[in-house]
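Comments concern the structure below.
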DNA sequence: GTTACTTGAATGAATCGTCATTCATCATCG
DNA sequence: CGATGATGAATGACGATTCATTCAAGTAAC
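Following this line, the structure appears as structure tokens:
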């Protein structure tokens with residue numbers, strides 16, 4: 266029964282994290298009171314400090330735990346496809362679906378984490394790097410298979426692609442108006458990129474003639 | 266000499282804004298002290314309250330003033346091109362150049378403004394909307410001219426395109442490593458999109474597909 | 001041109017509220 | 001009984017904002 270302690274720990278730890286998600290999403294990190302998180306989690310103020318070092322720590326841990334789950338899920342979805350182009354579409358769909366399903370969390374990751382990961386210069390934000398690298402991984406694979414153009418810089422692509430999805434999500438999260446469906450948007454965004462990344466969009470002749478002058 | 270007063274006003278207002286840019290960029294809005302801005306601007310703490318309502322107001326006004334200048338400049342650059350595709354490339358280059366030239370400001374706009382524009386639910390952030398609409402404007406123009414595919418949703422495109430540039434900027438601003446040149450990245454990002462947006466990448470067949478509904 | 005008075009910009013020390021965090025105390029369980 | 005987890009009132013720091021006061025420049029009167 267000694268392990269019960271751990272289990273109980275896990276329980277309160279969880280409850281606090283979940284409460285924090287709600288509270289941070291509602292007021293933003295800096296305007297959230299620890300006591301409000303405590304109230305929402307149904308624990309005493311002091312209890313929070315048995316599970317977390319301080320307020321910052323709540324944010325970091327919440328981010329890392331949730332991010333790990335997200336990474337795993339998206340990874341799995343992407344792995345389910347074999348064609349690189351399909352992987353990219355799948356990534357877009359998975360990303361936007363996750364945002365739609367976890368709006369509060371998405372809001373925190375988009376707004377608060379960036380805020381503080383800049384402020385906390387030390388924090389390297391590994392999970393986010395990994396997430397981005399899922400994308401560049403797909404690109405490299407596509408290039409290796411000859412399906413994607415070789416002159417695409419994976420390091421630029423991953424940011425551009427992620428950025429596009431992310432900005433679209435922001436729209437979802439911050440506005441209430443849903444003009445476009447997730448499916449539709451994911452599809453369209455992936456398309457913008459894919460048609461530019463595919464080695465030959467349609468029946469094409471040579472890649473040399475591609476660009477005109479500027 | 267009575268007008269000197271106004272001039273002097275303008276002067277201090279400016280100095281405070283400029284100081285705030287530095288301070289906010291360095292510590293983030295919430296970790297910045299009004300007294301530090303005052304020190305940086307070489308005015309007394311109280312003086313700030315003669316020019317701004319409160320700390321939030323400093324952020325909002327700084328954003329709006331700087332944004333107006335940015336909008337005007339990018340607008341002008343885009344107008345200098347006539348071909349929609351060229352406009353898009355130009356937009357990308359202008360955007361990234363601005364970021365490179367005003368890193369502190371860019372950092373604030375990316376991180377702090379978003380933070381607080383969520384927190385201040387009322388704040389509609391018109392300047393940002395306008396900025397985005399520069400992009401959708403280009404798309405619509407391109408579609409009208411038949412240069413861009415008609416089935417592209419300008420409202421999705423503007424976010425995707427902006428998001429891509431923005432994420433790339435974040436990399437510049439937050440990391441110190443500059444692996445890719447601005448020029449190169451702008452070019453590449455615009456290309457990802459353009460090759461997907463151009464009505465006919467190469468010699469294609471049917472002209473019927475050109476016009477469509479929106 | 002100098003003296004006396006008015007105005008309002010500028011100052012910065014003092015105030016006042018607000019939390020994050022602590023810790024003395026309590027409850028529970030084995 | 002300890003011991004370990006939980007509590008929540010009390011503490012202390014901090015920092016935005018205020019406001020009584022100073023000061024410089026303008027105006028008028030002589």
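Protein chains in written order, with the working numbering: chain U, 266 to 479; chain R, 266 to 479.
Note that beta-carbon positions come from the ideal geometry of N, C-alpha and C, so glycine has one too.
Remember, it's a predicted structure, so these values are computed and weren't measured experimentally.
(1) Indicate whether the contact test is met: 3 or more Cβ pairs, each with one atom in the segment 313-327 of chain U and one in the segment 343-350 of chain U, closer than 8 Å.
(2) Cβ of residue 380 of chain R less than 8 Å from any chain U Cβ?
(3) Rounded to whole angstroms, what is the Cα-Cα separation between residue 378 of chain U and residue 369 of chain R?
(4) According to a CB-to-CB cut-off of less than 8 Å, which residues of the segment 409-427 of chain R neighbour chain U?
(5) Just to confirm my understanding: we take residue 349 of chain R, look at its own chain, exclude 5 residues before and 5 after, and list those with CB closer than 8 Å. What are they?
(6) Check whether the segment 418-425 of chain U touches the segment 438-455 of chain R, counting contact only when three or more Cβ pairs, one atom from each stretch, lie closer than 8 Å.
(7) Less than 8 Å between the C-beta atoms of residue 318 of chain U and residue 380 of chain R, yes or no?
(8) Less than 7 Å between C-beta atoms, sequence neighbours within five positions excluded: which residues of the same chain meet that for residue 435 of chain U?
(9) Residue 297 of chain R and residue 310 of chain R: beta carbons closer than 8 Å?
(10) From residue 288 of chain R to residue 454 of chain U, what distance separates their C-alpha atoms?
(11) Taking the straight line between their C-alpha atoms, what separation do you get for residue 283 of chain U and residue 307 of chain R?
(12) Measure the C-alpha to C-alpha separation of residue 395 of chain U and residue 329 of chain U and round it to an integer number of angstroms.
(13) Does residue 293 of chain U get closer than 8 Å to chain R when you measure Cβ to Cβ?
(14) Identify, in the order they occur along the chain, each residue of the same chain with its Cβ nearer than 7 Å to the Cβ of residue 316 of chain R, setting aside the five sequence neighbours on each side.
(15) Verify whether the separation of the beta carbon atoms of residue 433 of chain R and residue 353 of chain R is less than 8 Å.
(16) Please classify residue 359 of chain R as buried or exposed, where buried requires at least 16 other C-beta atoms within 10 Å of its C-beta.
(17) Per DSSP, what kind of secondary structure is residue 418 of chain R in: helix, strand or coil?
(18) Are the Cβ atoms of residue 428 of chain R and residue 420 of chain U separated by less than 8 Å?
(19) Would you kindly report the start and end of the unbroken alpha helix (DSSP H) that includes residue 368 of chain R?
(20) Any C-beta of chain U sitting closer than 8 Å to the C-beta of residue 376 of chain R?
(21) Compare the Cα-Cα distances from residue 356 of chain U to each of U/400, U/285, U/446 and report the closest residue.
(22) What does residue 454 of chain R reach in chain U if we use C-beta pairs closer than 8 Å?
(23) Measure the beta-carbon distance from residue 372 of chain U to residue 290 of chain U and round it to whole angstroms, keeping in mind my assumption that it falls under 8 Å.
(24) If you drop the 5 nearest sequence neighbours on each side, which residues of the same chain put their C-beta closer than 8 Å to that of residue 363 of chain U?
(25) Going by the beta-carbon positions, is the gap between residue 460 of chain U and residue 460 of chain R smaller than 8 Å?
(26) Listing by chain order, which chain R residues have their CB less than 9 Å from the CB of residue 433 of chain U?
(27) Could you tell me whether the Cβ atoms of residue 392 of chain R and residue 351 of chain R are closer together than 8 Å?
(28) Does any CB atom of chain U fall closer than 8 Å to the CB of residue 306 of chain R?
(29) What three-state label does DSSP hand residue 281 of chain U in the structure shown?
(30) Which value, in whole angstroms, describes the spacing of the CA atoms of residue 458 of chain R and residue 437 of chain R?
(31) Answer yes or no: does any C-beta atom of chain R fall closer than 8 Å to that of residue 393 of chain U?
(32) Hey, could you find the ends of the alpha helix (DSSP H) residue 322 of chain U is sitting in?
(33) Compute the Euclidean distance between the alpha carbons of residue 397 of chain R and residue 415 of chain R, then round it to the nearest angstrom.
(34) Whole-angstrom Cβ separation of residue 418 of chain U and residue 445 of chain R, contact assumed at under 8 Å?
(35) What residues from the segment 276-292 of chain R come within 8 Å of chain U, judged by C-beta to C-beta, listed N to C?
Result, derived from the coordinates:
(1) no
(2) yes
(3) 19 Å
(4) 417, 418, 420, 421, 422, 424, 425, 426, 427
(5) 403, 404, 406, 407, 410, 412, 413
(6) yes
(7) no
(8) 375
(9) no
(10) 37 Å
(11) 45 Å
(12) 12 Å
(13) yes
(14) 277, 278, 281
(15) no
(16) buried
(17) coil
(18) no
(19) 368-372
(20) yes
(21) U/400
(22) 421, 425
(23) 5 Å
(24) 335, 338, 339, 371
(25) yes
(26) 421, 424, 425, 428
(27) no
(28) no
(29) helix
(30) 21 Å
(31) no
(32) 320-344
(33) 19 Å
(34) 7 Å
(35) 292
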